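Enquirer: Under mature numbering (1 follows the signal peptide of the UniProt record, and there is no 0), the first residue of the sequence shown carries the number 12, and numbering increases by one thereafter.
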Amino acid sequence: ISVGDEMIAELTAPPFVPKPVGDRPAKKLIVNMEIKEIEGEMADGVKYVYWTFGGSVPGSFIRTRVGDEVEFTLKNHPDNKLPHNIDLHAVTGPGGGASSSLVAPGHEKTFNFKCINPGLYVYHCATAPVGMHIANGMYGLILVEPEGGLPPVDKEYYVMQGDFYTKGKYGEPGMQPFDMTKAVDEHADYVVFNGKVGALTGEGALTAKVGETVRIYMGNGGPNLVSSFHVIGEIFDKVHIEGGDMINENVQTTLIPAGGSAIVEFKVDVPGTFILVDHSIFRAFNKGALGMLKVEGADNAKIYSGTTQEGIYHPEGGTIQNMPKTGNGKEVVVNKTLDQQIADGKNIYGRTCFACHQSEGQGIPAAFPPLAKSDYLNADPNRAINAVLHGLSGEITVNGKKYNSVMTSQNLTDQEISDVLTYIYNSWGNNKTKVTPEMVKTQRA
Ligand code: HEM
Ligand code: CU
Numbered sequence: 012i013s014v015g016d017e018m019i020a021e022l023t024a025p026p027f028v029p030k031p032v033g034d035r036p037a038k039k040l041i042v043n044m045e046i047k048e049i050e051g052e053m054a055d056g057v058k059y060v061y062w063t064f065g066g067s068v069p070g071s072f073i074r075t076r077v078g079d080e081v082e083f084t085l086k087n088h089p090d091n092k093l094p095h096n097i098d099l100h101a102v103t104g105p106g107g108g109a110s111s112s113l114v115a116p117g118h119e120k121t122f123n124f125k126c127i128n129p130g131l132y133v134y135h136c137a138t139a140p141v142g143m144h145i146a147n148g149m150y151g152l153i154l155v156e157p158e159g160g161l162p163p164v165d166k167e168y169y170v171m172q173g174d175f176y177t178k179g180k181y182g183e184p185g186m187q188p189f190d191m192t193k194a195v196d197e198h199a200d201y202v203v204f205n206g207k208v209g210a211l212t213g214e215g216a217l218t219a220k221v222g223e224t225v226r227i228y229m230g231n232g233g234p235n236l237v238s239s240f241h242v243i244g245e246i247f248d249k250v251h252i253e254g255g256d257m258i259n260e261n262v263q264t265t266l267i268p269a270g271g272s273a274i275v276e277f278k279v280d281v282p283g284t285f286i287l288v289d290h291s292i293f294r295a296f297n298k299g300a301l302g303m304l305k306v307e308g309a310d311n312a313k314i315y316s317g318t319t320q321e322g323i324y325h326p327e328g329g330t331i332q333n334m335p336k337t338g339n340g341k342e343v344v345v346n347k348t349l350d351q352q353i354a355d356g357k358n359i360y361g362r363t364c365f366a367c368h369q370s371e372g373q374g375i376p377a378a379f380p381p382l383a384k385s386d387y388l389n390a391d392p393n394r395a396i397n398a399v400l401h402g403l404s405g406e407i408t409v410n411g412k413k414y415n416s417v418m419t420s421q422n423l424t425d426q427e428i429s430d431v432l433t434y435i436y437n438s439w440g441n442n443k444t445k446v447t448p449e450m451v452k453t454q455r456a
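(1) Would you mind reading off the limits of the beta strand (DSSP E) that contains Ala312?
(2) Give every residue of the same chain whose Cβ lies closer than 7 angstroms to the Cβ of Thr138, excluding the five residues on either side of it in the sequence, and list them in chain order.
(3) Just to confirm the assignment, what range does the alpha helix (DSSP H) spanning Ser370 have?
(4) Assign Thr84 to one of three DSSP states: helix, strand, or coil.
(5) Just to confirm my understanding: we take Asp280, look at its own chain, exclude 5 residues before and 5 after, and list those with CB closer than 7 angstroms. What are they?
(6) What residue range does the alpha helix (DSSP H) around Met450 cover?
(7) Are there three or more Cβ pairs, one per stretch, closer than 8 angstroms when the segment 17 to 25 is compared with the segment 71 to 84?
(8) Return the Cβ separation of Glu276 and Lys249 in integer angstroms, given the expectation that the two are a contact with Cβ distance under 8 angstroms.
(9) In whole angstroms, give me the CA-to-CA distance for Val288 and Asn441.
(10) Would you kindly check if the distance between the Cβ of Val409 and the Cβ of Pro380 is under 8 angstroms?
(11) Just tell me which of Tyr201, Met53, Leu154, Pro282 has its CA closest to the CA of Met186.
(12) Could you give the residue range of the alpha helix (DSSP H) that holds Met191?
(13) Short check: CB of Asp190 to CB of Thr177, under 8 angstroms?
(14) Quick check: what's the CA-CA separation for Tyr414 versus Asn123?
(15) Can you pull the DSSP bridge partners for residue 4?
(16) Check each candidate in Ala354, Ser239, Val28, Asp55 and name the one with the smallest Cα separation from Tyr434.
(17) Given a cut-off of 8 angstroms, decide if Ala273 and Ile258 are closer than it, judged by their beta-carbon atoms.
(18) From Gly255 to Ile323, what does the alpha carbon distance come to, in whole angstroms?
(19) Within its chain, find whatever has a CB closer than 6 angstroms to the CB of Gly374; leave out the 5 residues flanking it on each side and keep chain order.
(20) Could you check whether the Cβ of Gly405 sits closer than 7 angstroms to any heavy atom belonging to the ligand HEM?
(21) Since Asp98 contacts Ala109 with CB under 8 angstroms, what's their CB separation in whole angstroms?
(22) Roughly how many whole angstroms lie between the Cα atoms of Leu388 and Gly356?
(23) Would you grab the beta carbon distance between Gly271 and Met171 for me? Rounded to a whole angstrom, and I think it's under 8 angstroms.
(24) For a test of your reading of the model: does the CB of Ser272 fall under 7 angstroms from any non-hydrogen atom of the ligand HEM? Yes or no.
(25) Sorry if obvious, but does the Cβ on Met149 come closer than 7 angstroms to a heavy atom of the ligand CU?
(26) CA-CA distance, Pro392 and Leu85?
(27) Quick one: what's got a C-beta closer than 6 angstroms to Thr121's C-beta in the same chain, skipping five residues either side?
(28) State the Cα-Cα distance for the pair Glu406 and Cys364, rounded to the nearest angstrom.
(29) Alpha carbon to alpha carbon, how far is Glu371 from Thr447? Give it in angstroms, no decimals.
(30) Measure the alpha-carbon distance for Met334 versus Leu131 and round it to whole angstroms.
(31) From which residue to which residue does the alpha helix (DSSP H) around Gly361 run?
(32) Please report whether the beta-carbon of Val221 lies at a distance below 8 angstroms from any beta-carbon of chain C.
(33) Would Thr212 pass as a contact of Ala378 if the rule is Cβ separation under 8 angstroms?
(34) Go ahead and label Val345 buried or exposed: buried means 16 or more other beta carbons lie within 10 angstroms of its beta carbon, across all protein chains shown.
(35) Take Gln421 and list the residues in its own chain whose beta-carbon comes closer than 7 angstroms to its own, dropping the five residues that flank it on each side.
Right, here's the structure in full:
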């Protein structure tokens, strides 16, 4: 809403951002930010009490331009338990506003500042213990656009990384209190985008169409860890390094300091699912720092062909005849005991399935379905055999949750497939089916 030289700022929850400033003149911009302490889900079944700016982690996105005079009112909801304040890195002044904004529950405070420097800035709570307030989710981004605004793009998104420290280890269910010792030691249980595991996967995935330009306002709230931000299968055409004026081009991975940011831009040329990660890669696959950008549109084989040929590779040359190890089901079948199958299957699992379905078959929420106590798995061994043999795609429901992704076919022999599935069926509360190589052979035909 704009009245003369005054306007009320539009605030948005992630992954969305307010309208660009375009060529509007500098104004008096009124920002109303409400602090809420709320219970949320860190991961499936894992509850956490977040402290938030505006009800989301990261907090509401604020979009301003150089020359704006911001009248900032911070409101601490009466249901909250603690005092809070705000330090905006876009502010030139003591504490970035923190010293003027400390508010008790049921109070509000107003202060004013002028946006002097363009850039993408982090804001955060700076109430003692500062680390704890940040670790509980009290951070967000404020963009100060240059005169005339940033160049237009087709899609803009707001993503922010944060590390979390819980009493229980990763995935341990129930309400998880903050763990100060782990936080001090920098032993994060969760490293996530937008406040929780799976915020940007499944239904939450970012989207774009082939040919569009995408800009991500990427922040890092910390409190501790530096992010090596990367999008698998994309190259950043442009990166505003650390959210400032300097633009680097053709970047694979960009560092985002704790309490810092970057603006990354790229054109999407081919369809597919592009995975956002912190390339400190265990964080991505074991602590939650994984998001998705789903791109729809026509293939472009000139840019990416897909597999054009697949065959048997004989390093010894074509004359030496070996039993083919994979693929055609003609391998020698030995009669293994159940225990042998489980032991061998466990090895195969650790090499093959574990990367996606995880060490205890727990999967990754909204990305990879669980194999532990999976109703989908237990209902029909032939269906499971087929998933491994031929791959699986399209929407499926596992334990009441929808997945709509792609599992590639696994290049394993009948014996290997029967072993790995027997291991899975005899682990993690599944129904103890023994899968034989013959069962796999039947499905292969
Ligand atoms: C689905 C087994 C490897 C990604 C499934 C399902 C089974 C299964 C039984 C059906 C759903 C369920 O019961 O939870 C296996 C086995 C593997 C393996 C035995 C190793 C031999 C992988 C790998 C990936 C993967 C390496 C990731 C690259 C997926 C995905 C789905 C799925 C995304 C859901 C597909 C959809 O949404 O339609 N898997 N999997 N799997 N798997 Fe795997
Ligand atoms: Cu606070």
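Think of the CB as a built atom: it goes at the ideal place given N, C-alpha and C, for glycine as much as any other residue.
In this text the structure is predicted, and so the values were computed from the model without any measurement.
Expert: On the basis of the data shown:
(1) Element bounds for Ala312: n/a, residue is neither H nor E.
(2) Within the same chain, Cβ atoms closer than 7 angstroms to the Cβ of Thr138 are found at Pro94, His95, Asn96, Leu113, His144, the five residues on either side in sequence being excluded.
(3) No alpha helix (DSSP H) holds Ser370; DSSP gives it neither H nor E.
(4) Reduced to three states, the DSSP call for Thr84 is strand.
(5) Cβ neighbours of Asp280 within its own chain (closer than 7 angstroms, five residues either side excluded): Val221, Asn311, Ile314.
(6) That run of the alpha helix (DSSP H) goes 448 to 455.
(7) Touching, yes.
(8) The beta-carbon distance between Glu276 and Lys249, rounded to whole angstroms, is 4 angstroms. This is short enough to meet the 8 angstroms contact definition.
(9) Looking at the two C-alpha atoms, the distance is approximately 31 angstroms.
(10) Pro380 places its beta carbon less than 8 angstroms from that of Val409.
(11) If you compare the alpha carbons of Tyr201, Met53, Leu154, Pro282 with that of Met186, the shortest gap goes to Met53.
(12) Its alpha helix (DSSP H) spans residues 191 to 196.
(13) Going by C-beta atoms, Asp190 is nearer than 8 angstroms to Thr177.
(14) Their backbone Cα atoms lie some 47 angstroms apart in a straight line.
(15) Absent from the model: residue 4. The displayed extent of the chain is 12 to 456, so no value can be given.
(16) For Tyr434, the nearest C-alpha among the options comes from Ala354.
(17) No, the Cβ-Cβ distance between Ile258 and Ala273 is not below 8 angstroms.
(18) In a straight line, the C-alpha of Gly255 is about 51 angstroms away from that of Ile323.
(19) Cβ neighbours of Gly374 within its own chain (closer than 6 angstroms, five residues either side excluded): His368, Pro380, Pro381.
(20) Gly405 Cβ: within cutoff of the ligand HEM.
(21) Contact flag correct, Cβ pair sits at about 4 angstroms.
(22) For Leu388 and Gly356, the gap between their C-alpha atoms comes out near 16 angstroms.
(23) Not quite, the Cβ-Cβ distance comes to about 11 angstroms (not below 8 angstroms), so this is no contact.
(24) Annotation for Ser272 indicates a beta carbon at 7 angstroms or more from all heavy atoms of the ligand HEM.
(25) A distance criterion of 7 angstroms places the beta-carbon of Met149 in contact range of the ligand CU, judged by its closest non-hydrogen atom.
(26) Approximately 57 angstroms, taken between the alpha carbons.
(27) If we look at Thr121 and ignore the five residues flanking it on each side, its Cβ neighbours are Thr84.
(28) Looking at the two C-alpha atoms, the distance is approximately 20 angstroms.
(29) Rounded to the nearest angstrom, the gap between the Cα atoms of Thr447 and Glu371 is 23 angstroms.
(30) At Met334, the pLDDT of 43 sits below 50, so the modelled position is not reliable; the number obtained from the coordinates is stated separately. When rounded, the separation of the alpha-carbon atoms in Met334 and Leu131 is 60 angstroms.
(31) It spans 349 to 363 - the alpha helix (DSSP H) in which Gly361 sits, taken as one unbroken run.
(32) Chain labels in this structure do not include chain C; a single protein chain is all it has.
(33) It is a contact, given that the beta carbons lie within the stated cut-off.
(34) Counting Cβ neighbours within 10 Å, Val345 comes out exposed, since fewer than 16 surround it.
(35) Cβ neighbours of Gln421 within its own chain (closer than 7 angstroms, five residues either side excluded): Thr363, Val399.
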